[in-house]
Structures are given as C-alpha cells and as structure tokens.
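Each remark here refers to the structure printed beneath this line.
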Amino acid sequence: EWPGNVRQLLNAVEQHVALSPSAVITAQQVRQSLGEQAAHLPSIAEARAAFTRDYLIRLLKISEGNVSEAARLAQRNRSEFYKLLARHEVDPAAFKSADPGD
C-alpha cells in the first residue's frame, strides 16, 4: 500500500536510483525519503500565516503604505486590515514612499 500519490513515489524512486550505491532500492528507503520530505513541510497554519503575511506586504507595496487603499484592494474594512497587520507583525510605515522634501 502506498500512502502518497504516484508522482511522489516516482520522485522518491528516481532520487534513490540517482543516489544509491546499490542496484537494489528497498521500500524502507523510499518511505524514509518521503518521511524526510514531509518533515520539511510547514503545517497548514504556518503556510497560511506565511501566505497572509506575504499578501499583506504585497498590498502595502502596491499602495505605498496607504492602509485604506490596501484594505480596499483586499476587500476588507480598515480596522480589520489593521488587526491583520498587527497579527502578522507588518508595519505599514515601512512601505510609505519617502517624502521628496526630506
């Protein structure tokens, strides 16, 4: 029985064929390889948080730090957007364009 998809199995076998000094590849080696790959994956909560933070940063870059504009682009109200920024430790001031008078 194989717990993953066929592409994962093929990738694991190809990796072992390329790296193994032996002509024989065991199921244990393939399982171990897949376990190591899975160990490097973030949890869904971590992946979602990273995506959200990157998304917020992108919005602030586009809006040059204008929170009202960034919130509008995200289709969120400004207070909710500020809460998201605080939760993900993103400072909108870091994205404001420099004043030409400085």
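In this note's numbering, the protein residues as written are 22 to 123.
We put the beta carbon where it would ideally sit given N, CA and C, even for glycine.
- Residues Arg-99 of the same chain have their beta carbon placed closer than 7 Å to that of Ser-89, with the five preceding and five following residues left out of the count.
- Judged by DSSP in its simplified three-state form, Thr-47 adopts coil rather than helix or strand.
- Assignment of Asn-32 by DSSP, reduced to helix, strand and coil, places it in the helix class.
- A direct Cα-to-Cα measurement between Glu-67 and Ser-118 gives close to 30 Å.
- DSSP, read as helix, strand or coil, puts Gln-53 in helix.
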